[in-house]
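With the numbering used here, the residue at position 54 of the sequence shown is 826, and numbering never jumps. Read the structure below first, then the notes.
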Amino acid sequence: MSEYRTLSENDICRDLFRQFIRRQKVGKCWRKEGETWVIRDDPFIDDWSEEDYQILVTCLKHTASTGGLVYGFFLDNALKGFVSVESSLFGNTEKYLDLTSLHVSADLRGNGIGKALFLKAGRWAKAHGAKKLYISAHSAVETQAFYRSMGCVEAQEYNRQHVEAEPFDCQLEYLII
């Protein structure tokens with residue numbers, strides 16, 4: 773049985789991720805060189821350490837406790853995808869809400885779960901006053917292809933905190949219609 777549902781602060785713990793597979797084999801990444809985007813070879817395995825999971829749990833609990841969205845996809849009661857959106861509008865005209873995470877377990881990627889989670893995030897953001905979602909997204913070619921297929925483009929206004937935290941991420945935005 774599968775279901776999508778909102779997660780509360782109390783739902784979020786390390787054990788929630790026991791059957792979640794973060795592993796992503798990356799070969800090529802987008803890189804901004806000057807004003808031009810290019811694809812470069814940058815092979816590595818992206819996976820979460822125990823410390824990464826602890827940080828994730830802390831961040832998601834904070835999002836839930838401060839009125840943001842933490843929304844998950846479950847298969848047979850196991851978390852297999854999730855998205856989070858922060859509650860505070862930002863940007864020069866306060867038009868953005870921050871999509872801080874969107875992940876689908878490796879064993880279920882390519883089945884439409886990411887799209888469903890992303891669209892839920894957009895609906896939630898619109899209901900909370902946003903005109904755009906802001907996404908600091910992994911630069912892997914596959915990840916960027918997903919966001920482009922959803923209609924994301926390079927952000928008109930970069931969030932300095934995201935750029936400093938993840939300088940190789942692609943800074944994107946999604947116009948909420």
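No residue lacks a Cβ here, since even glycine has one placed at the ideal position from N, Cα and C.
Query: Scan the stretch 797–881 and note each continuous beta strand (DSSP E) run of 3 residues or more that stays entirely inside, going in chain order.; Result: 808–818, 841–847, 850–857, 868–876
Query: Among E936, K852, E823, S859, which residue has its Cα nearest to the Cα of R881?; Result: K852
Query: In whole angstroms, what is the alpha-carbon distance linking P815 and E929?; Result: 29 angstroms
Query: Hey, could you find the ends of the alpha helix (DSSP H) K903 is sitting in?; Result: No alpha helix (DSSP H) holds K903; DSSP gives it neither H nor E.
Query: Please look up how many angstroms separate the CB atoms of L905 and G844, rounded, as I've assumed it's under 8 angstroms.; Result: Rounded, the Cβ-Cβ distance is 18 angstroms, inconsistent with contact.
Query: Does the structure place the stretch 792–803 close enough to the stretch 818–829 that three or more beta carbon pairs sit under 8 angstroms?; Result: yes
Query: Identify which residue in K898, K867, L871, A927 has its Cα closest to the Cα of F715.; Result: Outside the displayed range of the chain (773 to 949) lies residue 715, so it cannot be described from this structure.
Query: DSSP state of S921, grouped into three classes?; Result: helix
Query: Mapping DSSP to helix, strand and coil, what is L779?; Result: coil
Query: By DSSP, does I885 sit in helix, in strand, or in coil?; Result: helix
Query: Give the straight-line distance between the Cα atoms of R777 and K800, rounded to the nearest whole angstrom.; Result: 33 angstroms
Query: Under 6 angstroms Cβ to Cβ from A912, same chain only, skipping five residues before and after it: list those, please.; Result: V798, C801
Query: What three-state label does DSSP hand A927 in the structure shown?; Result: coil
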